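Asker: Here it is: the structure, laid out below.
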């Protein structure tokens, strides 16, 4: 809780939009790499790093 006794929203429009954008970008990159090189990467770690940077 914050100082005024209200709780902060955990799900916001910004969080949802960021999640959708990261999902699309990383899914596309993963599909391209999978088709091009025959191997894929776990998208959870890059998504966490990028989301903390934003």
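Numbering (the numbering used here), first residue to last: 199 to 252. Ideal Cβ placement from N, Cα and C applies to all residues, glycine included. Given the structure is predicted, the values throughout are model-derived calculations rather than measurements.
(1) Give the DSSP-derived three-state secondary structure of residue 258 in the structure shown.
(2) Identify whether residue 237 lies in helix, strand or coil by the three-state DSSP scheme.
(3) Using beta-carbon positions only, say whether residue 239 and residue 231 come within less than 8 angstroms of one another.
(4) Whole angstroms is fine: what's the gap from residue 242's alpha carbon to residue 222's?
Answerer: Reading it off the structure:
(1) Past the edges of the chain, shown from 199 to 252, lies residue 258, and the structure says nothing about it.
(2) Along the chain shown, one-based indexing puts residue 237 at 39. Note: residue 237 maps to coil in three-state DSSP.
(3) In the chain shown, counting from the first residue as 1, residue 239 sits at position 41. In the chain shown, counting from the first residue as 1, residue 231 sits at position 33. Result yes, Cβ atoms of residue 239 and residue 231 sit closer than 8 angstroms.
(4) Here residue 242 corresponds to residue number 44 of the chain shown, with the count starting at 1. Here residue 222 corresponds to residue number 24 of the chain shown, with the count starting at 1. Cα to Cα, the separation comes out at about 13 angstroms.
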